[in-house]
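Take a look at the structure set out below.
Residue numbers (my numbering), protein chains in the order written: chain U, 1 to 313; chain V, 1 to 499.
Below is the structure:
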């Protein structure tokens with residue numbers, strides 16, 4: 001009887017020993033691949049696999065096509081910043097301006113003269129950016145500009161699926177402005193109402209938003225649409241103060257996978273373009289020198305909302 | 001300028017105090033879930049320590065509870081307090097219920113259920129009731145600014161099943177609070193199921209399985225497949241689906257039709273992927289959670305579909321709503337009525353919106369129609385042609401109903417349906433295939449996986465199982481690489497997290 005018990009006890013010990021070894025293997029099955037992935041992510045080297053450059057964990061997504069068919073993008077990391085890398089960014093900016101322009105609607109030309117704000121553009125600002133899903137891509141680029149120019153990006157409000165109605169009729173924005181006390185605001189809205197036909201309703205909302213912003217320095221960024229709109233850009237350009245609206249519609253930006261939003265490079269080019277406009281033409285100028293390094297850590301508060309679940313009014 | 005730049009080449013970034021602080025704290029923008037690579041890495045280290053506690057039952061239990069609470073904190077932040085409160089009160093309620101008899105016992109059960117449900121009702125349904133109250137009675141009550149604690153629908157149902165099972169004397173109340181806390185907090189099922197029954201799980205706490213090679217392979221395979229299902233297939237399809245539902249007016253009937261099928265596959269791969277990961281993680285720790293899906297889109301009628309889809313929920317609804325109402329023992333009309341009520345509650349469980357109630361009602365009606373059909377028409381179940389027609393009808397019906405599940409509102413759901421039925425032009429398929437080839441490829445892959453008979457899948461799995469143990473590390477690395485190569489910029493939260 002004792003022998004049987006001893007035998008059983010030995011078997012249990014063996015099983016537990018095996019189980020322990022297997023658990024260690026299981027643990028390593030997660031640790032080893034993930035450490036390899038993180039190491040590759042943090043290393044500066046890129047691995048090419050049959051012409052396909054292995055993407056890194058933190059790199060942005062690209063189209064569903066092999067890399068060799070795409071424009072090569074150099075991701076500049078802070079430790080790689082040299083005069084050359086700044087030049088690369090400049091070249092990309094040029095491609096935006098020189099490409100054949102596509103037009104998605106009636107030209108919007110505002111010839112009204114306006115006086116540019118006399119405020120010192122080099123003054124450091126508390127910046128708030130708010131907008132629809134496109135704001136989600138743009139705020140990271142704006143963060144780089146703030147980092148470069150000493151501005152403080154205090155908060156980014158990404159209200160997915162939102163329209164001008166959400167921004168105009170909601171108390172949320174007023175309370176966010178009240179809370180963060182920005183001295184300069186970026187509004188990025190319009191993508192979700194490109195097909196809107198009820199333009200009178202949108203105009204009323206846009207005018208209400210503009211009236212709420214009176215007294216604050218702002219730049220109103222129109223949607224980077226890849227399809228025609230039914231007049232929403234015109235409505236916004238008329239509602240905003242003269243010189244405060246940036247028409248993004250006709251920019252030739254590379255699209256993201258969804259064919260609806262710009263991809264990461266597109267957002268970068270878009271922001272470069274906005275920055276150029278703000279420094280040279282906008283009603284409310286701001287110091288917006290091109291960042292020396294991209295993908296800077298974002299310390300601002302990011303508020304994510306979804307209009308599908310939270311309408312706000 | 002250089003001094004402002006974070007040195008990202010530092011491989012030991014995790015030793016940086018700021019990083020540790022940010023890792024340990026809850027971030028509303030980045031709740032933790034299984035698809036976070038940081039979670040998988042931490043899980044690896046967690047498992048490494050667990051290996052040395054495997055024969056120390058008490059410490060093992062405490063270790064898993066602590067990790068589970070940390071996991072919940074990373075997912076839901078301050079709502080951890082609410083969750084702990086619920087665990088303690090359930091534990092005490094169950095003890096009282098077990099000691100009582102007759103009417104007193106019923107009253108204790110009623111109070112305990114009301115208490116458990118009150119959190120869910122408040123967080124999930126109060127705004128729904130206020131909105132409708134305001135609308136119908138023209139009042140102006142203010143809406144509460146509420147954030148739904150992650151997993152509350154799941155753990156409330158678990159708490160109810162425990163209390164009712166104790167009341168029915170199907171299980172003894174836990175003697176040790178750590179056992180009950182373990183059952184409730186066990187992180188693999190904590191935030192999105194499967195809904196685990198106390199009677200299935202509590203016995204495992206006393207005698208967990210000892211991991212062997214077969215269990216190890218099964219776990220790793222489930223986790224790997226789950227990650228691919230979710231991050232590779234579901235998230236990719238989800239992008240197209242979101243696009244269509246954001247501006248339904250901007251898309252044609254054909255695009256809506258494709259979006260409908262894409263969502264059918266997205267929700268299946270999303271939720272079954274999550275369940276696979278949950279079951280795999282639990283298995284590695286020595287605990288078996290029941291399967292949640294069993295090839296549901298191969299169901300030849302809607303009744304079978306509900307036996308194969310989200311099985312832990314459908315069996316819960318059957319045992320704690322349909323049967324207590326009377327089941328099929330109170331006449332034909334009542335049976336149908338109870339079915340409808342059960343499905344309406346099932347719909348409402350998914351979300352506090354009319355479109356979810358409508359979705360539940362549609363499925364309830366379909367179940368009634370199928371029961372009537374089976375009563376009047378005797379079909380040969382083994383006839384393959386009938387079976388195929390049944391699969392086709394069931395899949396398409398379920399897909400149509402998913403439109404209500406996914407749409408932004410009731411109105412846009414009907415808009416989508418109207419476009420499909422009135423403005424469908426199948427010739428668009430050529431242009432669509434050129435423009436959105438990745439959607440077509442993924443739908444094709446999805447169909448291949450979903451409609452392949454289980455026998456063939458089992459055969460493939462059995463061949464994969466023959467691979468030596470050490471090669472499985474490579475499988476995980478490969479799977480993760482595939483995911484990274486095609487991953488979205490922002491990983492979508494699991495669909496069932498919001499319920």
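In this text, a Cβ means the ideal position worked out from N, Cα and C, and glycines have one as well.
Residues of chain V with CB closer than 8 Å to the CB of residue 30 of chain U, please, in chain order. 40, 41, 43, 44, 47 and 476
The beta strand (DSSP E) enclosing residue 212 of chain V, as first and last residue numbers: That residue, residue 212 of chain V, is in no beta strand (DSSP E); it is neither H nor E in DSSP.
What did DSSP end up calling residue 288 of chain U once you bin it into helix, strand or coil? coil
With distances taken Cα to Cα, identify the nearest neighbour of residue 390 of chain V among V:285, V:374 and V:405. V:374
Per DSSP, what are the beta-bridge partners of residue 155 of chain U in this structure? DSSP lists U:128 and U:301 as partners of residue 155 of chain U.
Label residue 88 of chain U either buried or exposed according to how many other C-beta atoms from any shown protein chain fall within 10 Å of its C-beta, with 16 as the threshold for buried. Note that residue 88 of chain U has pLDDT 33, beneath the 50 cutoff, so the model's placement of it is unreliable and the number below is only indicative. The residue in question, residue 88 of chain U, is exposed, as its Cβ has fewer than 16 Cβ neighbours within 10 Å.
Quick one: residues in its chain with C-beta nearer than 6 Å to the C-beta of residue 358 of chain V, no 5 flanking neighbours on either side, listed in chain order? Short of 6 Å from the beta carbon of residue 358 of chain V, and not among the five residues preceding or following it, lie these beta carbons of its own chain, in chain order: 404.
Thinking just about the alpha-carbon of each residue, which of V:72, V:47, V:468 and V:70 is nearest to the one in residue 573 of chain V? The requested residue 573 of chain V is not part of the displayed model; chain V covers only 1 to 499.
Short CB-CB distance (under 8 Å) between residue 472 of chain V and chain U: yes
Residues in its own chain within less than 7 Å of residue 166 of chain V by CB, not counting five upstream and five downstream? 94, 97, 98 and 173
What distance in whole Å lies between the Cβ atoms of residue 292 of chain V and residue 272 of chain V, which are believed to be in contact at a cut-off of 8 Å? About 7 Å; that satisfies the 8 Å criterion.
So for residue 53 of chain U, helix, strand or coil by DSSP? strand
Cutoff 8 Å: residue 19 of chain U Cβ touching any chain V Cβ: yes
Same chain, Cβ closer than 6 Å to residue 239 of chain U, neighbours up to 5 away in sequence not counted: Non-local beta-carbon contacts of residue 239 of chain U in its own chain, meaning distances under 6 Å to residues more than five positions away in sequence, involve 206, 207 and 210 in chain order.
Please identify, using Cβ separations under 7 Å, the residues of the segment 32-43 of chain U that lie next to chain V, in order along the chain. Answer set for the segment 32-43 of chain U: 32, 33, 34, 36, 37, 39 and 42.
If the cut-off is 7 Å on Cβ atoms, which residues from the segment 186-209 of chain U count as contacting chain V, listed in chain order? Those would be 192 and 195, in chain order.
Would you mind telling me which residues of chain U sit closer than 7 Å to residue 51 of chain V, beta carbon to beta carbon, in chain order? 20, 23, 24 and 27
Backbone CA spacing between residue 325 of chain V and residue 333 of chain V [nearest angstrom]: 13 Å
Would you tell me roughly how many angstroms separate the C-alpha atoms of residue 128 of chain V and residue 134 of chain V, rounded to the nearest one? 10 Å
If you draw a straight line from the C-alpha of residue 196 of chain V to the C-alpha of residue 124 of chain U, how long is it? 56 Å
Tell me the DSSP secondary structure of residue 25 of chain V in three-state form. coil
Less than 8 Å between the beta carbons of residue 230 of chain V and residue 35 of chain V, yes or no? yes
Beta-carbon separation of residue 469 of chain V and residue 156 of chain V under 8 Å? no
I'd like to check one pair, residue 282 of chain U with residue 237 of chain U: are the Cβ atoms closer than 8 Å? no
For a contact meaning CB atoms closer than 8 Å, what does residue 161 of chain U contact in chain V? 246 and 408
Using 8 Å as the limit for Cβ to Cβ distance, is residue 213 of chain V near chain U? yes
Touch test, the segment 243-262 of chain V against the segment 185-200 of chain V, Cβ-Cβ under 8 Å, three pairs minimum: no
Neighbour list for residue 403 of chain V in chain U, Cβ cutoff strictly below 9 Å: Within 9 Å Cβ-Cβ: nothing; residue 403 of chain V doesn't reach chain U, min ~14 Å.
Taking the beta carbon of residue 436 of chain V as the centre, do at least 16 other beta carbons fall within 10 Å, making it buried, or is it exposed? buried
Tell me the residue span of the alpha helix (DSSP H) that contains residue 47 of chain U. Residue 47 of chain U -> no alpha helix (DSSP H), and no H or E assigned at all.
So residue 117 of chain U packs on residue 267 of chain U, CB below 8 Å; how close in whole Å? Their Cβ separation, rounded to whole angstroms, is 26 Å, which puts residue 117 of chain U and residue 267 of chain U out of contact at 8 Å.
Are the segment 120-136 of chain U and the segment 146-159 of chain U touching by the rule of at least three beta carbon pairs closer than 8 Å? yes
Given residue 89 of chain V, which residues of its chain have a CB within under 7 Å of its CB, disregarding the five upstream and five downstream residues? 115
Span of the alpha helix (DSSP H) around residue 115 of chain V: 102-120
According to the Cβ coordinates, are residue 162 of chain U and residue 189 of chain U closer than 8 Å? yes
Cβ neighbours of residue 73 of chain U in the same chain (closer than 6 Å, five flanking residues each side left out): Bear in mind that the predicted position of residue 73 of chain U carries a pLDDT of just 32, short of 50, making it unreliable; the figure below should be weighed with that in mind. Only 265 meet the Cβ criterion.
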